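Colleague:
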Amino acid sequence: MHLHLRSICTTVVSLAFGSASAGAQTEATPPIVAPGTLVDVGGWRLHLHCTGESRAGPTVILEAGMGDFSVEWSLVQPGIAQFARVCSYDRAGDGWSELGPHPRTMKQIVYELHELLTRAGERAPFILVGHSYGAWLVRAYQSTFPAEVAGLLLVESGGSDPWRMMPDGRLARSSELVTNRPVPPVKTAGPLRISDIPPAALRQMTAGLGAASASANEPPRDKLPAGAQRMRTWALGQVGHVAAAVNPFELDELAALRAAQIKSEQPLGDLPLVVITRGALDAEGPNARSMEEDHRRDQALLAKMSRKARHVTAAGSRHHVQLDEPDVVIREVQLLLADLRR
-19 MHLHLRSICT TVVSLAFGSA SAGAQTEATP PIVAPGTLVD VGGWRLHLHC
31 TGESRAGPTV ILEAGMGDFS VEWSLVQPGI AQFARVCSYD RAGDGWSELG
81 PHPRTMKQIV YELHELLTRA GERAPFILVG HSYGAWLVRA YQSTFPAEVA
131 GLLLVESGGS DPWRMMPDGR LARSSELVTN RPVPPVKTAG PLRISDIPPA
181 ALRQMTAGLG AASASANEPP RDKLPAGAQR MRTWALGQVG HVAAAVNPFE
231 LDELAALRAA QIKSEQPLGD LPLVVITRGA LDAEGPNARS MEEDHRRDQA
281 LLAKMSRKAR HVTAAGSRHH VQLDEPDVVI REVQLLLADL RR
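In terms of the numbering used here, the sequence shown is residues -19 to 322.
In structure tokens form, the structure reads like this:
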């Protein structure tokens, strides 16, 4: 995940948002026309980009990682579209999507994705593909709407009990920081406006936008098409990009995912599951090797959640497998679809 973005979000959460109300979303205009459609989900519009034809099998839904949006799938979506219907989208506030209600809990995001697919006429069942933070989201979607999900594909999933950097520089497990606060209910109206954000919080949010925009396409994102890179440069310079990631209840929602993972030996039963793990070292520093071993152990545990699971190593990839080895993701989606069609 993007530590810089998470640091900004932590500061913003400590300053707190004001009450949100419906209205205008962003002041700037994207440099590229949205490739998909903007769908109203209750007073704010989300961008949905679907390609490929619906065939004898589920539609594939792509969920990006923290700080990423639909263009992150630019090397994967065209390949999947050759054999299935596939949709990517932008979470509220990011990419082409308008700001949504706050806080941006996983529960809220799952609700909005469900509304988006329903209102756009995309019919279940779905194969949900989630990268990094997006893997948590697709697991949350499956637990909320189990009847709609035919299979899960987790690409470099976020950890079950990830490390967090404390203000004093100490590393702590997420489980050590859980507050046991109730996650607020889903909001079906009242998207955030930039003018709703208190000045102090807005200053914190805008302070790093220039640097984020300037580094938007560092490797491996330099592999993206020129248009996707241009859109990332613009999007990472927007306040919505930071606002989209503000979730003060993340630790509590992660605790719920952990509880669901260990409630039984194979909590997903026979739900088809694919876990793709990087094969290349993706860390630096004196603890890099031990952190990498910890990551791979965690990925192996995820693959044990289903009796019908496959654990795949992308040998030439770091964290962004969909950019380093897009063919691995495409192939695994195709195999998963073939299994389901049989």
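Idealized CB from N, CA, C, for every residue including glycine. Being a predicted model, the structure only gives us computed values, none of them experimental.
1. Does the separation of the CB atoms of residue 166 and residue 189 fall below 9 Å?
2. Pick out whichever of 252, 283, 277 and 299 has its Cα sitting closest to the Cα of residue 322.
3. Following the continuous alpha helix (DSSP H) through residue 60, name the residue where it begins and the one where it ends.
4. Once you ignore the five residues that flank residue 339 on each side, which residues in its own chain have a CB closer than 7 Å to its CB?
5. Just to confirm, is the Cβ distance from residue 216 to residue 187 under 9 Å?
6. For a test of your reading of the model: does the CB of residue 317 fall under 8 Å from any non-hydrogen atom of the ligand ADP? Yes or no.
7. Please give the ranges of any alpha helix (DSSP H) in the segment 107 to 162, keeping only runs that are unbroken, at least 4 residues long and fully inside the region.
8. Specify the secondary structure class of residue 43 as computed by DSSP and reduced to three states.
9. In chain order, what residues of the same chain lie with their CB nearer than 6 Å to the CB of residue 213, ignoring the 5 residues before and after it?
10. Does the beta-carbon distance from residue 115 to residue 128 come in below 9 Å?
11. What would DSSP say about residue 213, mapped onto helix, strand or coil?
12. Which residues does DSSP pair with residue 254 in a beta bridge?
13. Could you give the C-beta distance for residue 171 and residue 24, rounded to a whole number, given that I count them as a contact under 8 Å?
14. Helix, strand or coil: which one does DSSP assign to residue -2?
15. Per DSSP, residue 20 forms a beta bridge with which residues?
16. Quick check: what's the CA-CA separation for residue 259 versus residue 124?
17. On a CA-only basis, which of 35, 27, 220 and 303 is nearest residue 320? Give me that one, please.
18. So for residue 313, helix, strand or coil by DSSP?
19. Relative to the C-alpha of residue 163, which candidate in 149, 232 and 18 has its C-alpha closest?
20. Is it a yes or a no for the segment 255 to 272 touching the segment 285 to 303, going by three-plus beta-carbon pairs under 8 Å?
21. Do you know how far the Cα of residue 229 is from the Cα of residue 161?
22. Rounded to the nearest angstrom, what separates residue 107 and residue 250 at their Cα positions?
23. Tell me which residues share the same chain as residue 314 and place their Cβ nearer than 7 Å to its Cβ, disregarding the 5 neighbours each side in the sequence.
24. Based on Cα-Cα distance, which residue from 61, 133 and 41 lies nearest to residue 90?
25. Around the C-beta of residue 39, are 16 or more other C-beta atoms found within 10 angstroms, so that it is buried, or is it exposed?
26. Would you mind reading off the limits of the beta strand (DSSP E) that contains residue 323?
27. Residue 4 by DSSP, collapsed to three states: which one?
28. For residue 19, which option in 83, 101 and 59 has the closest C-alpha, if you only look at C-alpha atoms?
29. Suppose you measure from the CA of residue 276 to the CA of residue 175; what does that come to, to the nearest Å?
30. Just tell me which of 83, 26, 289 and 204 has its CA closest to the CA of residue 53.
Modeller: Quick answer:
1. With contacts defined by Cβ atoms closer than 9 Å, residue 166 and residue 189 do not form a contacting pair.
2. When each option's Cα is compared against that of residue 322, the closest is 252.
3. Per DSSP, residue 60 belongs to the alpha helix (DSSP H) from 57 to 60.
4. This structure cannot speak to residue 339, because the chain is shown only from -19 to 322.
5. No, the Cβ-Cβ distance between residue 216 and residue 187 is not below 9 Å.
6. The ligand ADP is not among the ligands present in this structure, which contains no ligands whatsoever.
7. Whole alpha helix (DSSP H) segments, 4+ residues: 113 to 124.
8. Under the three-state reduction of DSSP output, residue 43 falls in the strand class.
9. Scanning its chain for C-beta atoms nearer than 6 Å, with the 5 sequence neighbours on each side dropped, one finds around residue 213 the residues 193 and 196, in chain order.
10. Cβ distance not < 9 Å, so residue 115 and residue 128 don't count as in contact.
11. In the structure shown, residue 213 falls within a helical segment according to DSSP collapsed to helix, strand and coil.
12. Note: residue 254 sits in a beta bridge opposite 133 and 290.
13. With a Cβ gap of about 4 Å, residue 171 and residue 24 count as contacting.
14. Model confidence at residue -2 stands at a pLDDT of 44, short of 50, so the residue's coordinates are unreliable and nothing is read from them.
15. The partner list for residue 20 (beta bridge, DSSP) reads 25.
16. Answer to the nearest angstrom: the Cα atoms are 32 Å apart.
17. Nearest in C-alpha terms to residue 320, of all of 35, 27, 220 and 303, is 35.
18. When DSSP states are grouped into helix, strand and coil, residue 313 belongs to the helix group.
19. Ranked by how close their Cα comes to the Cα of residue 163, the residues 149, 232 and 18 have 232 in first place.
20. Under the 8 Å Cβ criterion, the segment 255 to 272 counts as touching the segment 285 to 303, having at least three qualifying pairs.
21. One C-alpha to the other measures close to 8 Å.
22. Distance between the alpha carbons of residue 107 and residue 250 is about 14 Å.
23. So the list reads 63, once near-sequence residues are dropped.
24. Check the Cα spacing between residue 90 and each of 61, 133 and 41: the tightest is with 41.
25. For residue 39, the number of other beta carbons within 10 angstroms of its own is at least 16, and it is reported as buried.
26. Outside the shown range of the chain, which is -19 to 322, sits residue 323, and nothing can be said about it.
27. Residue confidence is low: residue 4 scores 33 on pLDDT, short of 50, so the model does not pin down where it sits. Its coordinate-derived value is still stated next. It is coil, neither helix nor strand.
28. Checked all of 83, 101 and 59; the closest Cα to residue 19 is 101.
29. Rounded to whole angstroms, residue 276 to residue 175 spans 43 Å at the Cα level.
30. For residue 53, the closest C-alpha among the options 83, 26, 289 and 204 is that of 204.
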